[in-house]
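In order, the protein sequences belong to chains A and B.
According to my numbering, the first sequence is numbered sequentially starting from 30.
According to my numbering, the second sequence is numbered sequentially starting from 30.
C-beta: ideal position from N, C-alpha, C; glycine also.
There are 2 protein chains.
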Amino acid sequence: MITTDFAAWSADALGQVEQALSDWVPAAAPAGLGDAMRYAVLDGGKRVRPLLVLATAAAVQGHAEAALRAACAVELIHAYSLVHDDMPCMDNDVLRRGKPTVHVQFGEAQALLSGDALQALAFELLTPDPAQVPPAMQADLCRCLARAAGEAGMAGGQAIDLASVGKPLSEAQLRHMHMLKTGALLQGSVQMGADCAQSPLTPQARDGLARYGAAVGLAFQVVDDILDVTADSAALGKTAGKDAAADKPTYVSVMGLDASRALAAQLGDEAHHALAATGLADVELLRVLADRVVNRSN
Amino acid sequence: MITTDFAAWSADALGQVEQALSDWVPAAAPAGLGDAMRYAVLDGGKRVRPLLVLATAAAVQGHAEAALRAACAVELIHAYSLVHDDMPCMDNDVLRRGKPTVHVQFGEAQALLSGDALQALAFELLTPDPAQVPPAMQADLCRCLARAAGEAGMAGGQAIDLASVGKPLSEAQLRHMHMLKTGALLQGSVQMGADCAQSPLTPQARDGLARYGAAVGLAFQVVDDILDVTADSAALGKTAGKDAAADKPTYVSVMGLDASRALAAQLGDEAHHALAATGLADVELLRVLADRVVNRSN
């Protein structure tokens, strides 16, 4: 496989992910639930997590069906978290990916339920008929996703976020919150891609990919905090400046803008070094993805 | 194993479930999240679903560690559904298991998050180190739980429930709603117990257990609807009469009280017949459990 043409690879990968999400998020779910689920998932989002899964799976010659399912599953977890996060009892946001948020469009009850159903669907995608994906790989993927999504991962980070409004946090506390809230699922994406390997990875490959995932996961959030103050709502597709308005601690509020930019660049370098340490033959896609995360403008 | 002494078996089983839930729902989850999760799960509930898992596992000589994990996982899904269902945007209920509901005690945002984290934790419990539970069994259990909890199961049933307020339903529509909303997770409990079998079950056993689960699952909801009008809040530990007050269709509102009682008894008979058809040697615990579901008073 030629992996140097990132643009062609990512266009193909994104096409596969969009098609699979459209196939697997059921329009037929009862009483409008399917409409809300599809609205929350389709036609939007940068799909950073699916691309991390698929690029990692490509680097380890992973099981193609498992990788596509994992890519979609992690995106469903991300999508559900946005639906719940936007609700009035949380961030109370009305705009997401340039569209009204799910509770604005479908009501709060349907938003709550559709988020719940998307989380269950993520695990459903990971557990097809055993003929499609080896059962031990299914178990590995479920194990990884559950940990990344749960109290020691994303949900725990959101609880810290909730408790941190209006409080001064140290850089270490902020890093801990973000490693859970955003980092865990991004890091989990890389690990799920690695879990798709059909023969055991070397410890160096495992460890290097884990370090890569951690660096990219944190870099993503640092850049998010930078863009929250430097970009406008139209470019972001969501409400800009909302963290500052909500008195939430961010990298920019804790470290300042220049130091935040320096940190993002440093995390990008860490990601590159970690990849080099994997000993894997072809990590070009992952290298470009890390650069895209650090240099993105929305 | 002597299974004729149901009281001794269930006391032992419930003790194991309570201890395991207390061990596995983490007090240390960040920023109060663990407190809300434990409040939602511990010290309350009839634990019907865990008992169904464990009694079925006993009937098929199932893997003990897998069965205990499955029993706790299905209870976590049930618990999260109650937390979200009680929220102001859904049923807006303030009393559950004789205590203030989670959002009353901890706030809406923490209720939302703790429900989300409980769902993830359910799948985490099902995917321990492969040395503890065979990976293929882990995958089977995740597959079953995800389907029972998702849009084609519990979440789908709740969407129908939400859309049915104030509408006349036929008995067939009501049955469909309840087979999803409550039945799917109860039936899933039986199937998860069966999934713990360490050698393949006969088609008769699989089929009989599926029919048993369907009958008990529906009977549970019919009795719930009966108790909603015949019991008081103190006996129920939750607000009595709330379905009628909310103008929700129930078996009693659609069929009347006598016909509902007759249906519950008929479903109990169906459960007995289905058990007899399994060909399994010892289904006594499951037989008594079905009777308890039909004849319960809270």
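| Item | Value |
| --- | --- |
| Assign K75 of chain A to one of three DSSP states: helix, strand, or coil. | coil |
| Flag A149 of chain B as yes if its beta-carbon sits less than 9 Å from any beta-carbon of chain A, otherwise no. | yes |
| What is the DSSP secondary structure of K271 of chain B, reduced to helix, strand or coil? | helix |
| Can you tell me whether DSSP reads A226 of chain B as helix, strand or coil? | strand |
| Just the Cα atoms here: how many angstroms apart are A40 of chain A and G237 of chain B? | 49 Å |
| I want to see whether chain B comes within less than 9 Å of Q187 of chain A, judged by CB atoms only; does it? | yes |
| Please return the same chain residues whose Cβ sits closer than 7 Å to the Cβ of E200 of chain B, not counting the five positions on each side in sequence. | V283, M284 |
| Kindly give me the distance between the Cβ atoms of K128 of chain B and S193 of chain B, rounded to whole angstroms, as I take these residues to be in contact under 8 Å. | The pair is not a contact, with the Cβ atoms about 28 Å apart (cut-off 8 Å). |
| Once you ignore the five residues that flank A96 of chain B on each side, which residues in its own chain have a CB closer than 7 Å to its CB? | V82, L83, A86, G222, C225 |
| Using the Cβ count rule (16 or more neighbours within 10 Å means buried), how would you classify C217 of chain A? | First, the amino acid is wrong: residue 217 of chain A is Gly here, not Cys. Looking at its Cβ environment, which holds 16 or more other Cβ atoms inside 10 Å, G217 of chain A is buried. |
| Using a Cβ-Cβ cut-off of 9 Å, state whether L92 of chain A counts as contacting chain B. | The question names Leu, yet the displayed sequence has His at residue 92 of chain A. Not an interface residue. |
| Determine, for R78 of chain A, whether the minimum Cβ-Cβ distance to residues of chain B falls below 9 Å. | no |
| Report the option in B:A310, B:A100, B:A57 whose CA atom is closest to the CA atom of R78 of chain B. | B:A100 |
| Secondary structure at R126 of chain A, three-state DSSP: helix, strand or coil? | coil |
| For G308 of chain A, does the three-state DSSP call read helix, strand or coil? | coil |
| Mind checking which residues open and close the alpha helix (DSSP H) that includes G144 of chain A? | 137 to 154 |
| Check this for me: beta carbons of V70 of chain B and E104 of chain B, under 9 Å apart or not? | yes |
| Distance, Cα to Cα, T211 of chain B vs I106 of chain B? | 12 Å |
| Would you say Q227 of chain A lies against chain B (beta-carbon separation less than 9 Å)? | no |
| Along chain B, which residues have their Cβ under 8 Å away from the Cβ of L191 of chain A? | A60, A138, Q139, L142 |
| For G328 of chain A, which of helix, strand or coil comes out of DSSP? | Shown here, chain A extends from 30 to 327; a query on residue 328 of chain A therefore has no answer. |
| Taking Cβ-Cβ distances shorter than 8 Å, what residues in chain B pair up with A165 of chain A? | P159, P164, A165, A168 |
| Quick check: what's the CA-CA separation for L286 of chain A versus G61 of chain B? | 31 Å |
| Restricting to Cα atoms, I'd like to know which of B:V281, B:V131, B:N327 is closest to G266 of chain B. | B:N327 |
| From A:D311, A:A310, A:F249, A:K196, pick the residue whose C-alpha is nearest to that of A273 of chain A; which is it? | A:K196 |
| When the cut-off is 9 Å and only beta carbons count, does A184 of chain A lie next to chain B? | yes |
| What residues in the segment 98 to 113 of chain A have a beta carbon less than 9 Å from any beta carbon of chain B? | I106, Y109, S110, H113 |
| Given a threshold of 16 other Cβ atoms within 10 Å of its Cβ, counted over all protein chains shown, does E232 of chain A qualify as buried or as exposed? | Note that residue 232 of chain A is Pro in the sequence shown here, rather than Glu. With fewer than 16 Cβ atoms within 10 Å of its Cβ, P232 of chain A is classed as exposed. |
| Is DSSP giving P164 of chain A helix, strand or coil here? | helix |
| Here's the rule: buried if 16 or more other CB atoms are within 10 angstroms of the residue's CB, otherwise exposed. What is H132 of chain A? | buried |
| Check C118 of chain B in the structure and name its three-state DSSP category. | coil |
| Indicate whether at least one CB of chain A lies closer than 9 Å to the CB of T231 of chain B. | no |
| Within its chain, find whatever has a CB closer than 7 Å to the CB of S110 of chain A; leave out the 5 residues flanking it on each side and keep chain order. | M183 |
| In terms of residue numbering, what span does the alpha helix (DSSP H) encompassing D261 of chain B cover? | Unbroken run through D261 of chain B: none, as it is neither H nor E. |
| Whose C-beta lies closer than 7 Å to the C-beta of T32 of chain B among residues of the same chain, with five residues either side of it excluded? | Low confidence applies to T32 of chain B: its pLDDT is 46, below 50, so where it sits in the model is not reliable, and the reading given next is rough at best. Hits under 7 Å: W38, A87, D311, E313, L314. |
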